[in-house]
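Per my numbering, residue 3 is the first one in the sequence shown, and the count goes up by one each step.
Glycine included, each C-beta is placed from N, C-alpha and C at the ideal position.
Everything numeric in this text was worked out from a predicted model, so none of it was measured.
What follows is a set of notes on a single structure, which appears directly below.
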Amino acid sequence: MGGDLVMNDAFLAQVENDLGQMKDRLYDPLNAIKKADPSAVGEPELVEKVAHFKDRWDYSIDQMCEATGNAQEQLRIIREGFAKVDADLAKALGGE
3 MGGDLVMNDA
13 FLAQVENDLG
23 QMKDRLYDPL
33 NAIKKADPSA
43 VGEPELVEKV
53 AHFKDRWDYS
63 IDQMCEATGN
73 AQEQLRIIRE
83 GFAKVDADLA
93 KALGGE
């Protein structure tokens, strides 16, 4: 296949799906931490550190979810574009 361009749609669809599930996978542990009472660790300085960690993790997960959502959208656009090009090429070559 010298210069052939090959796209594995099933693989890209799986990656797109996996990216869609990242939000749940990332937020489930965060939601568990949010439900926990940081004061249970006792030491006031540690309570503050735990609360700070929770806030930073929340922000970081928001950023990661935004990035994975963008990647998922781009994969969808790429897959649709390849499907259209493939259909157009088949039509131009006399296929259906």
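For this session: List in chain order: all unbroken alpha helix (DSSP H) runs of 4+ residues lying wholly within the segment 8-36.
Result: none
Exercise. Roughly how many angstroms lie between the CA atoms of M66 and D88, to the nearest whole one?
Worked result: As a working note, residue 66 is residue 64 in the sequence shown. As a working note, residue 88 is residue 86 in the sequence shown. M66 and D88: Cα-Cα distance of roughly 33 Å.
Problem set entry | Collapsed DSSP secondary structure at D39 in the structure displayed | Position 37 of the sequence shown holds residue 39. D39 falls in the coil class under three-state DSSP.
Problem set entry | Test item: CB-CB of M9 and F55 under 9 Å | Locating residue 9 in the sequence shown gives position 7, where the first residue counts as 1. Locating residue 55 in the sequence shown gives position 53, where the first residue counts as 1. Cβ atoms of M9 and F55: not closer than 9 Å.
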